[in-house]
Structures are given as C-alpha cells and as structure tokens.
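Start counting the sequence shown at 0; every next residue gets the next number (numbering that gives the first Met the number 0).
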Amino acid sequence: MIKPISILGSTGSIGTQTLDIVSQYPDRFRVVGLVAGNNLKLLAEQIYQFKPEIVAISDQNKLADLKTAIAGFAHQPQLLAGQDGIVEVARYGDAQTVVTGIVGYAGLLPTIAAIEAGKDIALANKETLIAGAPVVLPLVKKHGVKILPADSEHSAIFQCLQGVPEGGLRRIILTASGGSFRDLPVEKLASVTVADALKHPNWSMGKKITIDSATLMNKGLEVIEAHYLFGVDYDHIDIVIHPQSIIHSLIEVQDTSVLAQLGWADMRLPILYTLSYPERIYTDWKPLNLVEVGNLTFKEPDHQKYPCMKLAYAAGRAGGTMTGVLNAANEQAVALFLEEKIGFLDIPKLIEYTCDRHQNDHQQNPTLEDIINADTWARKEVLSASQLIGKQQFIPVTSTPETVKKNSYKDLYNEGIEKAKTQDYQGAIQAFNQLLKDFPTAIDCYISRGLVRAMMGDHQGAIDDYTQAIRNDLRNAKAFFNRGVSRRKIMDNKGAISDFNMAISFDASYGIAYYHRSRAYKAFGNNKQAIGDVNIAIDLLLKQGDTETYQQALKHLDDLMEYQQLFPHSY
C-alpha cells in the first residue's frame with residue numbers, strides 16, 4: 000500500500016532527503032503536498048518529478064515566478080503562497096503523514112494545522128515542541144495522532160524504546176558530535192568566523208542547525224524535546240560528546256542496562272523510520288562496519304565552552320513560555336551571527352539576557368496567543384540588545400551639558416561616592432539622580448547608585464539599577480556580579496547563579512564572583528559545585544590580594560567540608 004505524505008520544507012536538508020527516499024521507494028510513498036522557502040528552481044524540479052497535488056512557497060512575491068517556471072509542465076498543482084498557503088498544505092487532502100522540515104518557530108502553526116486535520120507528524124522541527132508543547136501535546140491527544148521523531152537523536156531513543164515496557168525507562172543519554180569547534184580551545188572562540196562555524200565535521204545540515212551544533216544549543220533544545228516526547232524529567236536526561244557520531248543516542252532502563260542505536264551519519268534512516276513505522280524497510284544503503292569505525296570515544300561536555308546547554312536546561316525546568324523565549328532568542332541571535340552583526344560568543348549572552356528579562360512576564364500555562372506573543376517579544380528584545388553589544392555608553396566629560404553648571408560629571412560622581420562613604424546615603428542618591436538626569440546612559444552611575452541602595456537595604460531598587468547598567472552594556476561583569484549579590488539577598492539564588500555565570504564568562508579571574516556563586520550553590524544544596532567554586536575563589540583571591548574575602552572563602556570552605564563529613568551521602 001502506498002502511503003501519501005506531505006513535506007514542509009521540501010528544498011531544505013530534511014525535505015530533499017525525504018524526497019530521495021520517495022524516489023527510491025515509489026511503491027511505498029507518494030507526495031501529496033510540498034512547501035518550500037525561496038529555492039524556486041529546486042521547487043520547480045520537485046514539482047516536475049513528484050507531481051504533488053498542492054504546493055506553497057513562503058515568499059508571496061515569488062508566486063508569479065513559480066507559476067511561470069512550471070507553466071510548461073503537463074501536471075499543474077494548486078499553487079499557494081505565504082503563511083496561509085503553508086498551513087493549507089499542512090492540512091490538505093489524504094496525506095497520512097506530514098514531514099515537518101521547516102526550520103525554527105515557523106513550523107509551529109503548520110504543524111498544529113496538520114494535527115488538527117488528523118495527520119501523523121514526522122517531526123524534524125524540534126521547535127514545534129520546544130515553543131509550543133503546552134498547546135501541541137493536548138492537541139495530539141485530542142486528535143489521536145502520532146508524533147514520530149525524524150531527527151537522529153530522538154529517533155534513536157524511540158527505536159531503543161521499542162519493546163521496553165511502560166515504566167522501564169530510567170535515563171536518556173543524548174550524544175553530541177561537539178560541532179565545528181569541538182577541538183578548538185575555548186579561548187579562541189572569540190575570533191571564529193561564520194565560515195568556521197559552518198564547517199561541521201560529521202553532518203551535512205542547514206546553516207541554522209549547524210550553528211546550533213557549534214554552540215551545542217541544538218543539544219540543549221533536544222533535551223527539552225526529549226522531555227516532552229518521552230516524559231523524562233530533566234535530571235534524567237544527560238548529554239555526552241561522541242565525536243564519531245555513530246551512536247545516535249542511548250537509553251538506560253531500570254535494571255541499568257543501556258541500549259543504543261548505531262549507524263552512519265545519514266539522516267535518511269530516521270526519516271525513513273518515521274514514514275515506515277512500525278515496519279522496517281530493506282535499503283541498499285551502506286551497512287555499518289564497526290571494524291571500519293575502529294574507535295568510539297566519549298567525553299563530558301565543557302559547560303564553559305558550551306554555555307547554551309545550561310541555558311536550555313534552565314528554560315526547560317521553568318517551562319511555560321520560557322522555552323519558547325529561549326528558542327526565539329536563539330533563532331534571532333543565530334540569524335544576527337550569520338549576518339556577521341554579532342560575534343559567536345554573543346549568541347549565548349543575548350539568549351541569557353533575553354530569558355532573564357522574560358522572568359517577570361513568564362506564563363506557566365500559556366495559550367497559543369501567549370506563545371506567539373512571547374516569541375515576537377523575544378526576537379525584538381534580542382535585536383534591541385544586540386545594538387548595545389560591545390559599546391561603552393559613557394558620555395565623555397568634555398561633553399558635559401550646561402545643566403550640570405559648575406560641576407563636571409566627574410566632580411558630581413565623586414561627590415556621590417564621598418557621601419556614600421560617610422553613610423549619607425540619601426545625599427549620595429540625590430547626587431547620582433542628578434547625574435542620571437543629564438547622563439542617562441552612565442553605567443558607573445547606575446552601578447554606584449545600586450550599591451548605595453543595597454547598603455540601605457533596598458535590594459530590589461539595587462537590582463533595577465544594575466539591570467539598567469546591563470541594558471547599556473551587556474558585557475559589564477561588575478553589573479552582573481552586583482546584581483547577583485543583591486539577588487542572593489532576596490533569596491533568588493537561581494537568578495544570582497545566572498548573574499555570577501555571566502560575570503565569570505566576561506572575566507574568568509573574577510575571584511569574588513566564584514566565592515558568591517559558591518554560596519549560592521550551597522543555598523541550593525549543590526555542595527559539590529559549591530566546593531569547586533570556592534576552591535577556585537581561594538586561589539584567585541590570594542593572587543589578587545583580597546585578604547578579607549580570601550579569609551571569608553576559607554571559612555566557607557571549612558563549613559562545606561564539615562557539612563560533607565556530617566552528611567557524606569549528600570555529595
């Protein structure tokens with residue numbers, strides 16, 4: 000029996016490989032609908048070869064050109080364009096399965112349309128679940144359709160789970176190639192180019208997913224997707240670097256047995272399984288030869304090198320709209336990097352900044368409208384924040400406006416500092432307020448006013464000042480550090496750790512930041528991480544001559560070691 004399918008993203012990597020399968024097995028599959036982006040020439044060739052009933056192109060302006068390109072064909076499909084056209088193809092006709100190969104958030108609405116039309120989903124668009132799971136999963140249950148993963152990692156997990164009884168799954172282990180920079184020292188990442196990032200060592204993929212692989216955000220997103228697909232909590236989903244990309248992922252079952260799916264780095268295999276499931280179709284593809292492979296190696300991912308992983312875990316645990324904001328921020332940041340408007344290391348910084356800004360507006364049980372609004376907001380936030388990257392927003396003293404009269408910026412700033420030293424906090428605040436009326440982007444002034452407010456016990460006011468400083472300079476380690484300290488004061492240890500992470504990412508020798516992060520981890524009960532951080536802090540503080548904090552760190556380490564002796568099983 001021939002299975003009818005539609006393909007969203009037919010000219011991309013997933014789409015072309017799906018059509019390669021269709022051409023190889025014409026007695027098993029036929030094409031009902033195609034959706035493409037901007038590759039008019041390839042789309043016309045696909046229409047000629049596969050004769051779909053309906054076709055949509057995302058760019059409205061290219062519809063007339065498409066009509067012209069296929070005018071001489073004997074077969075003339077229905078042609079549509081734009082988002083409405085894509086949605087129509089997704090739900091059209093007798094297609095049993097829709098392959099969702101559209102890159103990014105753009106695949107969400109068409110996937111929802113296909114589900115509501117009762118079609119199974121061959122899911123190659125991970126963003127559908129990452130952004131839309133609170134809406135998508137109830138629809139899947141309501142309409143009784145299946146979501147079958149078409150990416151290599153989740154297909155591997157899905158294949159390993161066949162025959163495992165309910166409740167038998169204990170842990171998921173996602174393998175990662177390590178991306179384009181897996182062998183590059185972390186200190187060299189600041190100078191890498193777009194061309195460097197697009198040179199993936201194992202896989203042939205689109206630009207966006209290749210950059211995600213280089214940052215390891217792809218693996219972070221896969222962690223979230225695995226959580227939604229297989230119902231495993233985040234503490235039981237791990238990532239391991241496997242450079243050979245032969246083991247595509249593993250599962251651990253309750254008796255500690257580990258099952259793995261192996262194969263060459265060929266996306267056609269997981270795509271074929273989604274189309275043929277539960278059958279296994281014979282192929283003439285090259286079989287795996289373990290002797291030819293030789294070695295299979297593994298290592299723990301470097302979180303300093305790949306900060307996007309922690310961002311994804313944090314967003315996943317937050318749930319709701321936060322995962323959609325993470326995804327949107329990543330998509331926009333990657334687009335800016337591909338346009339060479341930001342550096343490679345700016346990608347995680349913009350993502351973390353945007354997720355942090357979303358905390359006050361986070362919706363735990365969002366509607367589709369909430370998800371769409373959060374996505375739109377996050378993209379705008381990244382674009383806005385990207386304009387500040389690397390810019391120092393200080394106004395030179397030589398441009399002091401007349402409203403400051405006899406006092407220069409420096410004089411009035413120093414007046415505020417002196418008043419703070421004598422505990423005239425109100426006088427200090429007044430001096431900084433006057434300065435900020437005339438110099439609204441003065442970063443040091445925001446930080447100093449924040450410090451004074453913290454001395455007065457107004458930690459929320461201090462956080463607001465540090466946040467304003469960060470908006471004016473996204474690389475300001477001092478602002479992130481001080482905001483982290485104030486967050487600890489209001490018991491927001493999660494936010495504090497996030498801020499200390501940023502401060503340390505900008506200044507790896509920030510000894511006092513390691514010390515305060517250690518205390519935040521201790522408050523969280525993560526004593527192992529706390530001990531690691533305080534040991535780094537002690538070494539740095541001694542070298543830097545900060546004897547006061549050094550003594551505090553030594554005392555903190557003694558307390559941690561005493562706790563470890565009393566409660567060894569907590570480590």
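For glycine and all other residues, C-beta sits at the position ideal for the given N, C-alpha and C.
All figures in this text were calculated on a predicted structure; none of them were measured in a lab.
Counterpart residues of residue i in DSSP-defined beta bridges
i: S5; result: G32 and V97
i: S248; result: L173 and Q260
i: L79; result: A55
i: V239; result: T174
i: P148; result: L122
i: K298; result: I240
i: L168; result: V252
Short Cβ contact (8 Å threshold) for residue i with residue j
i: S57; j: G32; result: no
i: T17; j: G100; result: yes
i: T353; j: A384; result: yes
i: V324; j: H357; result: yes
i: A478; j: I446; result: yes
i: F480; j: D463; result: no
i: I496; j: Y513; result: no
i: G483; j: A507; result: no
i: A337; j: K206; result: Correcting the residue identity first, residue 337 is Leu in this sequence and not Ala. Yes. Within cutoff.
i: C159; j: Q260; result: yes
i: I370; j: T320; result: yes
i: G131; j: I223; result: no
i: L79; j: L65; result: no
i: G219; j: C307; result: yes
i: V139; j: I129; result: no
i: L435; j: A441; result: yes
i: T296; j: Q363; result: no
i: A476; j: F505; result: yes
Identity of the residue in the options nearest residue i by Cα
i: S275; options: W284, T15 and M0; result: M0
i: F438; options: M455, L411, I416 and Y424; result: L411
i: G456; options: A468, A441, L473 and R487; result: R487
i: G14; options: P269, L220 and I238; result: P269
i: T10; options: D19, P25, Q77 and A35; result: A35
i: E299; options: A70, R448, A502 and H241; result: H241
i: G511; options: H555, N525, N526 and L473; result: Residue identity check: residue 511 is Ile in the sequence provided, not Gly. Taking only the C-alpha atoms, the option nearest I511 is H555.
i: N471; options: N534, D538 and L387; result: L387
i: I469; options: D443, M490 and E278; result: D443
i: P277; options: T322, Q161 and F180; result: Q161
i: E291; options: N359, G262, M266 and I146; result: G262
i: I4; options: Q59, A68 and A113; result: A113
i: D119; options: G103, R90 and Y104; result: R90
i: L41; options: P25, V193 and S12; result: S12
i: K309; options: I350, A73, F28 and R279; result: I350
i: R27; options: F297, K527 and Y272; result: Y272
i: R169; options: H235, K340 and A461; result: H235
i: K304; options: L183, K379 and A419; result: L183
i: Q433; options: N413, T421 and Q422; result: N413
Residue span of the alpha helix (DSSP H) that contains residue i, given as start and end
i: V222; result: M216 to F229
i: Y24; result: No alpha helix (DSSP H) holds Y24; DSSP gives it neither H nor E.
i: E44; result: L39 to F49
i: Y513; result: G510 to F523
i: G323; result: M321 to L337
i: S190; result: Counting along the chain, S190 falls outside any alpha helix (DSSP H), and DSSP gives it neither H nor E.
i: W376; result: L367 to S385
i: G531; result: N526 to Q543
i: K488; result: A476 to K488
i: A453; result: I442 to M454
i: Q467; result: H458 to N471
i: L62; result: L62 to A68
i: A279; result: Correcting the residue type first, residue 279 is Arg in the shown sequence and not Ala. No alpha helix (DSSP H) holds R279; DSSP gives it neither H nor E.
i: A427; result: Y424 to D437
i: H361; result: Note, H361: premise wrong, no alpha helix (DSSP H); not H, not E.
i: A105; result: No alpha helix (DSSP H) holds A105; DSSP gives it neither H nor E.
i: A507; result: Here A507 belongs to no alpha helix (DSSP H), and DSSP marks it neither H nor E.
i: G315; result: C307 to A317
CB contact check: residue i to chain D, cutoff 8 Å
i: Q23; result: The chain inventory of the structure shown lacks chain D, comprising one protein chain alone.
Range of the contiguous beta strand (DSSP E) that encloses residue i
i: L122; result: D119 to L122
Cβ-heavy atom distance, residue i to the ligand HEM, below 7 Å
i: F28; result: Ligands in the displayed structure: none, and consequently the ligand HEM is not present.
Check your understanding: Taking one C-beta from the segment 244–251 and one from the segment 148–167 each time, how about it: are there three or more such pairs within less than 8 Å?
Key -> yes
Review point. Would you call the segment 215–224 and the segment 172–189 in contact, with 3 or more CB pairs under 8 Å?
Key: yes
Check your understanding: Do the segment 70–88 and the segment 181–194 make contact, defined as three or more Cβ pairs closer than 8 Å?
Key -> no
Review point. Hey, is the segment 314–329 in contact with the segment 84–98, meaning 3+ C-beta pairs nearer than 8 Å?
Key: no
Review point. For the segment 222–237 against the segment 333–349, are there 3 or more C-beta pairs whose distance is under 8 Å?
Key: no
**Study point:** At least 3 beta-carbon pairs within less than 8 Å: the segment 281–289 vs the segment 106–125
**Key:** no
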